[in-house]
Structure formats: structure tokens, C-alpha cells
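Worksheet for the structure shown next.
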Amino acid sequence: MSLKLRTGMLLRTAWLCAGIAGSAFGQGPEGSNPTSIFSPASTPANSIYDFSLFVLAICAAIFVTVFSLLVYSVVKYRKREGDDGREPPQVYGSNQVELAWTVIPVLIVVVLFLATARVIHALEDALMPAGTTEVTAVGHQFWWEYRYPELGFITANELHVPVSDPQHPTPTHITLLSADTDHSFWVPRLAGKTDLIPNRINHMWIDPHETGVYVGQCAQYCGTQHAKMLLRIIVESRADFDHWVAEQRQPAQGANFTPGRQIFETTACVNCHTVVGTNAHGTFGPDLTHLMSRETIGAGIALNSPENLRQWVEDPDHFKPGVLMPAMQLDGSALDAVTQYLLTLK
Amino acid sequence: MGDAELIPKPLVAPPVSETVQPFFDRVHGWITTVDHKRLGIMYICYALVFLVIGGIEATVMRIQLIRPHNDFVSPQVFNRMFTMHGTTMIFFVAMPVLFGFINYAVPLMIGARDMAFPRLNAWGFWMTAFGGIILYFSFLGGSGLYGAGSAPDVGWFAYAPLTSPVFSVGHSSDYWIIGLLVSGFGSIATGINFVATIFCLRCPGMTLGKMPLFVWLNLITGGLVLLALGPLTAAQIMLLIDRYLGGHFFDTQAGGSAIIWMHFFWVFGHPEVYVLIMPAFAFISEIIPVFSRKAIFGYPIMVAASVCIAFISMSVWAHHMFTVGMTSYGNAFFVASTMAIAVPTGIKIFNWLGTMWGGKIVFKVPMLFCIAFLFQFLIAGLTGIMLGAAPLNWQLGGSYFVVAHFHYVIVGGILFALFAGFYYWFPKMSGRMLSEKLGRLHFWLFLIGFHLTFDFMHIPGLLGMPRRIYTYEPGRGWDIWNLIITIGVLFQGAGVLVFVYNMVSSYFKGELAGDDPWDAWTLEWTTSSPPPDYNFAKIPVVHSRRPLWDIKHPEDPDWKYDQ
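For the protein sequence lines, the chains are A and B, in the order given.
Per my numbering: the first sequence ends with 688, consecutive numbering throughout.
Per my numbering: the second sequence ends with 569, consecutive numbering throughout.
Structure follows, in C-alpha cells:
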């Protein structure tokens, strides 16, 4: 095969790869990649995105240089047909050349380090302005607990935060704790990940610039159902957020003395779940006070529909094999009753 | 001079003993052997068995991930698969196979008749072997024999507190701990042996500066083993104390620290990467010169760069922990040390290129693997720089990008170098050549499979897919990439099958190799293939780094030059 033909094939392949990559990382909040690190929507993710382009450019330049040298030497210095069979001249080294390919990489590394240190400092040592929303996220096997200490309520699995105007930022500061094993909080479009580690207090912050739903998932292996510990952040306008907060601060609105509530409060449900305003005070499982204000159940793995809810109570393993919630062994009518009760927890 | 003994002898069939020994005598001979060559071959065969097992575990994972919400295996089984795959490939494939080659080649290359401590050598091998068996026994006895088995499911770095008795019920984690503890003792013994052998048993004339680069790099490997395995062994013992004696080192429920385990593990874990890559560098540094027909370029710089890498590699461990919430100063330190290691590594790549530059490159199978190694190791190094930049690591750490990166190092780098080593030294070990035709088929199948799998594995990482998930949601743009990744596994599997077939068939009816099939320059090619028990009838005397070059080119020997 001629060399030209090979080069042509290489170029075509490269073009094809670029095309595939281009379509793969398609941007935009409604795009097909809701978790791409290349469509940032918050300052931390944005800084990392800009920084990543810089690093990629340097790495690409190094790659092209060294790869060309490799291809050149393989092609140019291959043993040719009709070789005289003599050994090539033996060269043992060259101090000038060695010096060159030591100094240049050192300079590149220094530049890269300085650029990196700048971003680390900007993100990690950022001061939170007044008006910052405080949230404490607690990782559990295999769901997320969200506490709003200044606002005085607790919710689970769906984090609501106010949108932040880049001119007058109102970021959300998240304190990260763990109730059991290591977890990691990763919503790629909003920020890099930070681990939740038992016996340790970690911090991160986000300031989403656009309203919408941002998804991610636990990024540190935490046990059997690590894969289905999804993250869901709902970014709302200030007014919507305040409205949501006002609702969350209310005790449960559920009807009194329905059969479902009786079953709920007289079985083991209350050992793990809290419903504010009733005698359910458990803390091992998600707070259910305003369960119906959430779009999903099981840490984001199923839509919060009456059928799914009933299925979940009947057999949590159906959605999430290995989940810590046991099947409560309720018969059909009891299941219907409990589901009806849960549906009233608006 | 003694050069007369160094001249390669004409092509003859490997010696066949007149009377074939009874089967049990032969088995007994292998089990009780202290010969470095036999132990080397046993290490290699042992590792190949585990390579197939680890490959099957990887295949199970890839089938499970071929599409979203697949239910080929349960989450429990998947979690065991990635734990066992990682542990197996690092401790029971990569380490033993590399130790096997070092064991086999180093005494031959330095003109010695065996390792410094032959019995310790045998002990090291059997410890490693028992370690693997203990780990795999968990499949039978992980829950106590009555509760039947379950392999550990804590991940290969077994972060606390997942390993505490609360989260890891039964004995599967104990098998993991004790398996690694036992094989770790074996590795430490072997490390001692490498260092002692290289320092004490070099033949007359072979000063440190005249050792083949292979020997230098493996001297560094031995040193790194001694530094790295200690912390792991200590951590495993502490974990056992936690699990059985009521200790609280890592027990976060009682005030222990999960972070301390991470430090212990990665103080071992990162130098371990260099324990594995140094022998790969060693293979490349022998094979590229021979197939470029030139002396290695910049020998003293290569040695200095390798020593430098070894030192720096002891100070970079926390780049595995950029997401645990270190201070900005802590993060910056580990960014600096991690990036610093790119400089000596780059120097090595440039020197290999310098060796090829101006040579007459012969594209035999070992060289093909070396060229692929250079290409892939370059990319692995560059993705390493990306991951070493802490802010990017906050996005990409713990994602499939990391998985792609370290497989690029371990498969694209170490395994390719190993395959090169197999094709290069198999003739010495068996007396017969591996088939060049099958070798090329193996090379291309594996190359295509490797790139299908691990090139495309970077992409789901960039698109937010974390590692160690047994299934994933549709609609994230990950589906197509996972499909391609899994297809690549088929090619890799086919490549390995061709390789195994090649070894078996060539062992019985391959072309005879003779003493020096590659027209090479180091001492192992002066003795017969396979070498006699005592290696050299008379201990050789050398005058330069390439004793055979000196003999083949008396008009222009290496020792004339001040190298």
C-alpha cells in the first residue's frame, strides 16, 4: 500500500472521529447528554471547562509532536528492501539533545502547574457572598438526605436550589456528610465531584446560571446499589424556590385516621421514615413529609407515580435489588391503603 | 578474555534427555525446584491462568454494560466481578508475570548462575501462588462453608468503611486481606532477591554502568517493591485488627478514619504502578535497540530518569484523592509532584525514539508491540497529565475516563510490552520460535480490540459516567459507547486465544531458535536455548554494555568508546 493512500485513510479516520466526537458532546441543556462536562452551567463547572480546553490544547500539541516523530522514524528508518545487511552507525547519545528534551518539558510542566494552581485556588478558596443558600447533604446507602439548616426542614433525593445571576451571585454552599460509607456528589454540569466521607466534613458550592433539572449520580463506590444512587438538582427562580421552601416547612397535610395512615404508623415504616406532624420519626430512610412534591422515588430511579409507589412499597428490590428497605409483606388492600396515604403527603 | 565462550553456537535441536522421566518425577522436580528459570516459567504460567480468569471477569462486566438496564448479572455479582478483576489483574497477573520474566532473564543477563537466594525465590513464588488461591477460595468459602461462597465486593482498593464488619458481612473481605497479605510477603521476598542478585552476582567486568538497561530498571523495580509493599501489608494487618480484635483504625462508626486507609492504600498503590511499568520499560529498552539495530540512546540519562521516576513516584499518591476534600495547598502539592513525573517519563520516550532514529528498524512481532507501546503510552501519559490537574480530576476522577486512562497504562503499556517480551524471550525459554504469522494476527486483533475498547471508554467518562456501576440510565448518551467498548472485548479475547494457541503449538513444533535468533547483544543469547541448569559453563567476562556486539564486531567494539 502506498504511503499516500495510508495518509489519506488516516486523515479520513481522524475526520470521522472528530465528527463522532462533535455529535457526542452536543451541548445545550435539552441536548442528549445531560451529564456532559462540556456543557457547564455553573461557575465551578465553567472554570473547569475553560481550564480543560487549555490542558487539552497543550496535550494535543505534545501528542501531535511526539506522534509525528514516532511515525517519521518508523517510516524513514525502516529496514528497506535490498539492504546491504550492515549495521547502522551506532550513536550512543547526545547531551545537547537530552538537555533540550528535558528543559522544554520542564517549562511546559511549570506553565501547567501555575494554571492548575490558579483554578484550584479560585474554586476551593472562594468566599461565599451574603445570600448564599446553605444545604447539608448527607450520603446514605443508597440515597441522599438534604437538610436546610437555616430554613429548618429536611428533604430527600431532590435538591432544590435558587438560580444564581452571574452579576449578583447567590450560590448554594453544600456541606457534605456521610451516614455510612464513602459517597461522592457529582453533577457534572454544575461542579466537579466532592466525596462524602464518614467522620469528615467536606464542602462544595454551585451557582447555576439557568433554571432546570440537572442530574448526576454518586461517583464513589458505596455498596450494592451504588449504580442507582442518582442525583437530581432542581434549579428554580427565586420566587419558585421561596414558594417551595414555604411548602416544605409545613407539617404533613395528610388526612387523619385513614386506614393507610394507621398501617403506616403501626408497622415498621415509622422506624425509618419521618413524616413531620405525625408520630413517624425514623431517620434511617428518606423523609416522607412532602413525598408527593418529588418527581421521582428510590433516589431518582423511577417516576413518582401511584403504580410505582405501590410497587416500591410492595417490593423495593423490584426497582433496586439490594436496597436496605425491606419488603413489608403487606397484602393487596393494605398496599392500596398505604399508597393512598402516601399520595396525600403533598 | 573468555570471549571464546561467548560466541553463539550453531543451530542445534534442544537437548532431549535419553530416558524420559516418569510424570510424577517431573512434577516433583518442578514443585521442589529452586532454579530461577523454572520459577520464572512457573510465575509466567501461573499469571497466564489468572489472566484468562481476570479476562472472563472483565467480559462478564462488559456484557452486563452492553446496554442500559441490562440484567445479565445481579448488582452483587457485578460488584464482585470488578473487585476480583482488579485485584486479580494487579496482584496475580501483572506482578507475577513481570516477576517471572525478571526472574528468568536477570541472572542470565548479568552472567550469574542463579538468583542470590534461590530458596527465598521459591518461597516467594509459592507465597504468591497461595495468595491467589486464598483469594479465589472466597468463591467457595466467603460466607463460611455452610453459608457457601461469595467473593469480596469492596473494590480493588477496598475503601474503608466498606470493609468493616458492619458493611462486609462474612469472610469474603478476610480472604481478600489474607490473600494479598500472603502474596505481599512473597513479593517483598522477591524484591529483596532482585536487589541482592543485581548488586552481588554480576559477572566480572559488569560494573553498574555496564549493566544492560533491563537490569537497571529491574533493580529499581526491586527497590520500589520494598518501599511500596510495606504500607499495604501494614494496612492489611490493621484492617484485620479492626475486623477481629476490636480495633478502630478505619472503623468510622467508632471514630476511625476512612481517609487513613486511602493514604495507606495509595502510598502503596501509586508506586505499585511503577513497580509494574518499570519492567515494561525494561522490556522496551532491550527490544527496541535490537530491532532498530542500534545501541540504546542516552543510557546514563535513561538510568537517571528511571531513578528519578522512582523517587518522585513515592510522593504523588494523593493524586488518587483529589476529591476527598484536601486543602488547596495539599492539592497543589500533589499536582506539582504528579506533573513533575511527566518530565523523566517524557525523557524516556524521547530516548526510545532517539534509539530508533537513524536505525534500520526490523518489524518483527516484538517490535510491532513495542511501537504500539510507544504510541499508547504517550496517550496514557497525556491523559495522566489531564487527571493530574486537580480541577479536571474533580470532573474526571472516579469516572470511566480514569478507567480508560489506567487501562491505557496497564493494557496499552504494560501488557503490550509483555507481549513483546513473550515473543522476544520465548525462543530462549523453549528453544523454539513463536510463529511470526500467528504473532502478527495476534498483534492486529489485539490492537484493534484494545483501541475499540479503551479509546471509546474515555468518552462516557467525559459524558459523566462513573465507574463501578452495574447498570446505567438510558438517555445520557452513554449507550452507543458502551456497545462499542464491549465489541472491542471480542477482538481482544480472540487475540489472546491466538496467542495461547501460538504458544502451545510453537512449543511442540515451532521453528528451532538456536542460541541467538534475534542477533542480539546481551549475555542470555550466548548460552543455549533453553539454557542449561547452570546457565553458563564458564562465568563470562564483559567489557561493555553489549558483550555480544563486541564479539560480532571486533573491528568496532563498544568498549572502545567512552560511553
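We treat Cβ as the ideally placed atom computed from N, Cα and C, and that holds for glycine.
This one's a predicted model, so the numbers in the text were calculated from it and none came from an experiment.
- prompt: Looking at C-alpha atoms only, which residue of B:Phe456, B:Phe462, B:Trp431, B:Phe383 is the closest neighbour of Tyr406 (chain B)?
  reply: Nearest to Tyr406 (chain B) by C-alpha distance, out of B:Phe456, B:Phe462, B:Trp431, B:Phe383, is B:Phe462.
task: Could you spell out where the beta strand (DSSP E) holding Trp528 (chain A) opens and where it closes?
output: Boundaries cannot be given for Trp528 (chain A), as no beta strand (DSSP E) includes it and DSSP labels it neither H nor E.
- prompt: Is the number of C-beta pairs between the segment 264-272 of chain B and the segment 236-255 of chain B that are closer than 8 angstroms three or more?
  reply: Contact between the segment 264-272 of chain B and the segment 236-255 of chain B is established, with three or more Cβ pairs separated by less than 8 angstroms.
- prompt: Between the C-alpha atoms of Arg603 (chain A) and Ala679 (chain A), what's the straight-line distance to the nearest angstrom?
  reply: Put simply, the backbone Cα of Arg603 (chain A) is about 8 angstroms away from that of Ala679 (chain A).
- prompt: To the nearest angstrom, how far is it from the Cα of Ile293 (chain B) to the Cα of Phe98 (chain B)?
  reply: Going by the C-alpha atoms only, they are around 25 angstroms apart.
message: Strictly by DSSP, which residues pair up with Arg574 (chain A)?
response: Paired residues: A:Glu500, A:Val557.
- prompt: With 8 angstroms set as the bound, which would you pick, yes or no: does the beta-carbon of Tyr556 (chain A) sit closer than that to a beta-carbon of chain B?
  reply: Under the 8 angstroms criterion on CB atoms, Tyr556 (chain A) is classed as non-interfacial with respect to chain B.
task: Please decide whether Pro430 (chain A) counts as near chain B, where near means a Cβ-Cβ distance under 8 angstroms.
output: True, the Cβ-Cβ gap to chain B drops below 8 angstroms.
query: Going by the beta-carbon positions, is the gap between Ala6 (chain B) and Leu453 (chain B) smaller than 8 angstroms?
result: Given that chain B is displayed from residue 7 to residue 569, the structure contains no residue 6 (chain B) and the question cannot be resolved.
field: Given 8 angstroms, three or more beta-carbon pairs between the segment 41-58 of chain B and the segment 107-117 of chain B
entry: Short answer: they touch.
task: Rounded to whole angstroms, what's the CA-CA distance from Met90 (chain B) to Pro102 (chain B)? Just pull it up for me.
output: Rounded to whole angstroms, Met90 (chain B) to Pro102 (chain B) spans 16 angstroms at the Cα level.
query: What is the C-beta distance between Met345 (chain B) and Gly394 (chain B), in whole angstroms, given that I count them as a contact (C-beta under 8 angstroms)?
result: That pair is a contact at about 6 angstroms.
- request: Step through the CB atoms of chain A and report whether any lies within less than 8 angstroms of the CB of Trp400 (chain B).
  value: Yes, its Cβ sits closer than 8 angstroms to a Cβ of chain A.
- prompt: Between the Cα of Ala122 (chain B) and the Cα atoms of B:Ile204, B:Ile140, B:Ile59, which residue gives the shortest distance?
  reply: Ala122 (chain B) has its Cα closest to that of B:Ile204, out of B:Ile204, B:Ile140, B:Ile59.
message: Only counting the same chain, and skipping five residues up and downstream in sequence, which positions put a Cβ closer than 8 angstroms to that of Leu424 (chain B)?
response: Within the same chain, Leu424 (chain B) has close Cβ partners Val103, Leu104, Phe107, Ala286, Phe289.
- prompt: Among residues of its own chain, excluding the 5 on either side of Gly437 (chain B), which ones have a beta-carbon nearer than 6 angstroms to its beta-carbon?
  reply: When the five nearest sequence neighbours on each side are left out, the beta carbons in the same chain lying within less than 6 angstroms of the beta carbon of Gly437 (chain B) are those of Pro20, Ala519, Ser535, Pro536, in order along the chain.
message: Could you check whether the Cβ of Ile557 (chain B) sits closer than 8 angstroms to any Cβ belonging to chain C?
response: The structure shown contains no chain C; its protein chains are A and B.
field: Inter-stretch contact (C-beta, 8 angstroms, three-pair minimum) for the segment 276-284 of chain B and the segment 410-425 of chain B
entry: Touching, yes, given that three or more Cβ pairs across the two stretches are closer than 8 angstroms.
- prompt: Are three or more beta carbon pairs between the segment 426-433 of chain B and the segment 351-367 of chain B nearer than 8 angstroms?
  reply: Segment contact: the segment 426-433 of chain B against the segment 351-367 of chain B, fewer than three CB-CB distances shorter than 8 angstroms; contact not assigned.
task: Identify every residue that forms a DSSP beta bridge with Leu672 (chain A).
output: Note: Leu672 (chain A) sits in no beta bridge, so no partner.
query: Run through DSSP, which three-state label would Thr681 (chain A) get?
result: Three-state DSSP puts Thr681 (chain A) in a helix.
query: Would you say Gln70 (chain B) reaches chain A, if we count a Cβ-Cβ gap shorter than 8 angstroms as a contact?
result: Not closer than 8 angstroms to any Cβ of chain A, the Cβ of Gln70 (chain B) fails to qualify, so no.
message: Please identify, using Cβ separations under 7 angstroms, the residues of the segment 632-660 of chain A that lie next to chain B, in order along the chain.
response: Look at the segment 632-660 of chain A: it has no residue with a C-beta under 7 angstroms from a C-beta of chain B.
message: If you reduce the DSSP assignment to three classes, tell me which class Pro371 (chain A) lands in.
response: Only weak support exists for where Pro371 (chain A) lies, its pLDDT of 42 falling under 50; the value from the coordinates is given anyway. Three-state result, Pro371 (chain A): coil.
- request: Return the chain-ordered list of same chain residues with a C-beta closer than 6 angstroms to the C-beta of Tyr391 (chain A), the five sequence neighbours on each side being excluded.
  value: Hits under 6 angstroms: Pro382.
- request: Per DSSP, which residues does Tyr305 (chain B) bridge with? Please list them.
  value: Per the DSSP secondary-structure output, Tyr305 (chain B) pairs with nothing in a beta bridge.
task: Output, in chain order, the set of chain B residues within a Cβ distance shorter than 9 angstroms of His568 (chain A).
output: By Cβ distance, chain B contributes Pro81, Asn85, Pro472, Arg474, Ile475, Tyr476.
task: Please classify Phe55 (chain B): is it buried, with 16 or more other beta-carbons within 10 angstroms of its beta-carbon, or exposed?
output: Residue identity differs from the one stated: residue 55 (chain B) is Val in this sequence, not Phe. That one is exposed.
field: Interface partners of Ser263 (chain B) on chain A, CB under 7 angstroms
entry: The contacting residues are Asn541.
- request: Taking Gly365 (chain B) as the reference, give the member of B:Glu561, B:Pro372, B:Gly390, B:Ile302 with the closest Cα.
  value: Checked all of B:Glu561, B:Pro372, B:Gly390, B:Ile302; the closest Cα to Gly365 (chain B) is B:Ile302.
query: Roughly how many whole angstroms lie between the Cα atoms of Val79 (chain B) and Val66 (chain B)?
result: Within the model, the alpha-carbon separation for Val79 (chain B) versus Val66 (chain B) is close to 8 angstroms.
task: Have a look at Val313 (chain B) and Lys216 (chain B) and give me their C-alpha separation to the nearest angstrom.
output: If I take the Cα positions, the gap works out to 16 angstroms.
message: Can you check whether the C-beta of Leu411 (chain A) is within less than 8 angstroms of a C-beta belonging to chain B?
response: With 8 angstroms as the cut-off, Leu411 (chain A) counts as an interface residue toward chain B.
message: What does the alpha-carbon distance come out to for the pair Leu233 (chain B) and Phe380 (chain A)?
response: Taking the straight line joining both Cα atoms gives about 40 angstroms.
message: Among B:Glu442, B:Thr528, B:Met212, B:Phe383, whose alpha-carbon lies nearest the alpha-carbon of Phe460 (chain B)?
response: Minimum Cα distance to Phe460 (chain B) is reached at B:Phe383.
field: Anticipated Cβ contact below 8 angstroms, Gly558 (chain A) with Val577 (chain A), distance rounded
entry: About 13 angstroms separates the CB atoms of Gly558 (chain A) and Val577 (chain A); that is not less than 8 angstroms, and the two are not in contact.
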